[in-house]
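*Asks:* I have a structure I would like to understand better, so I am pasting it below and will then ask my questions one at a time.
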Amino acid sequence: MILMYDKKDGGKVSLRLREVDIGKVVTLGRGREAVVRIEDEKCSRIHAAIRYWDGIFVLRDMHSNNGTYKNGQRIEVTRIMPGDVILVGETEIRVNKDDISGEDTIIVA
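First residue of the sequence shown: 69, per our numbering; consecutive thereafter.
Laid out in structure tokens, this is it:
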């Protein structure tokens, strides 16, 4: 699965998530401790987390100030799939199929 978003400076970020290490969590946020750092004032330090669990990717809001949204709906915990759009702060993250080569890789399970 590929997560893609545009940075405030015009750059683009593309990250590959893979089903490998069971139990690994990928955190999204603006803090230094986040695995995926998002430069967005409306994003909490640890805003959301993605984990591969029981054969699916699961997105969880980490008690963020502004909430986490999937396809326009505020979520607490939800499955994510290609075609979904995740909103953290003011940053839209598009979830795509893993058919693109050359992006950074994050191992998730």
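Think of the CB as a built atom: it goes at the ideal place given N, C-alpha and C, for glycine as much as any other residue.
No experiment lies behind these values; they were computed from the predicted model shown.
1. Indicate whether the contact test is met: 3 or more Cβ pairs, each with one atom in the stretch 70-89 and one in the stretch 132-145, closer than 8 Å.
2. Which residue from Arg147, Arg98 and Glu158 puts its Cα closest to that of Ile11?
3. Using DSSP with H/G/I as helix, E/B as strand and the rest coil, what is Val81?
4. Quick check on His115: buried or exposed, where buried means 16 or more other Cβ atoms within 10 Å of its Cβ?
5. With a threshold of 8 Å on Cβ separation, who are the neighbours of Val126 within its own chain once the five nearest residues in sequence on each side are excluded?
6. Out of Arg113, Ile124 and Asn164, state which residue places its alpha-carbon closest to the alpha-carbon of Gly157.
7. Out of Thr159, Ile161, Val163 and Asp122, which has the shortest C-alpha to C-alpha gap to Lys92?
8. Any idea what DSSP makes of Met72, helix, strand or coil?
9. Residues in its own chain within less than 7 Å of Glu107 by CB, not counting five upstream and five downstream?
10. Using the Cβ count rule (16 or more neighbours within 10 Å means buried), how would you classify Asp166?
*Replies:* Considering the structure as presented:
1. Taking 8 Å as the limit for Cβ pairs, the verdict is that the stretch 132-145 does not touch the stretch 70-89.
2. Nothing in the structure corresponds to residue 11, since the chain is present only between 69 and 177.
3. In the three-state scheme derived from DSSP, where H, G and I count as helix and E and B as strand, Val81 is classed as strand.
4. His115 comes out buried.
5. So the list reads Ile118, Arg119, Tyr120, Val145, Thr146, Arg147 and Ile148, once near-sequence residues are dropped.
6. Each of Arg113, Ile124 and Asn164 was checked against the Cα of Gly157, and the nearest Cα belongs to Arg113.
7. Cα-wise, what sits closest to Lys92 is Asp122.
8. Three-state DSSP puts Met72 in a strand.
9. So the list reads Lys75, Lys76 and Arg98, once near-sequence residues are dropped.
10. In summary, Asp166 is exposed, with fewer than 16 beta-carbon neighbours lying within 10 Å of its beta-carbon over all protein chains present.
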